[in-house]
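Engineer: If you scroll down you'll find the structure; I have some questions about it.
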Amino acid sequence: MEPQTLFKIVGAVVLGLLGYLFIGFFSGIGGAVIGYFAGPPLLNRWLHRY
């Protein structure tokens, strides 16, 4: 599996769970969608910092 695909999945899961826990179900779905698209650049930046 490509790293970018993995980052998309991780981003979707993490933001989806956070949105679900803090705000509720629909924001969890929104967080998952945002995480899917925003996850790779954010994770890339985070990984390259260390």
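Read in order, the letters of the sequence shown are residues 94 to 143 in our numbering. Ideal Cβ placement from N, Cα and C applies to all residues, glycine included.
Taking all protein chains shown into account, do 16 or more other C-beta atoms lie within 10 angstroms of the C-beta of residue 100, making it buried, or fewer, making it exposed?
Structural biologist: Its Cβ being crowded by 16 or more others within 10 Å, residue 100 is buried.
Engineer: Between which two residues does the alpha helix (DSSP H) harbouring residue 116 extend?
Structural biologist: Unbroken run through residue 116: none, as it is neither H nor E.
Engineer: If we call anything under 8 Å between Cβ atoms a contact, is residue 111 one with residue 124?
Structural biologist: For residue 111 and residue 124, yes; Cβs fall inside 8 Å.
Engineer: Between 113, 136, 141 and 105, which lies nearest to residue 127 when the distance is taken from Cα to Cα?
Structural biologist: When only C-alpha atoms are compared, the closest one is 105.
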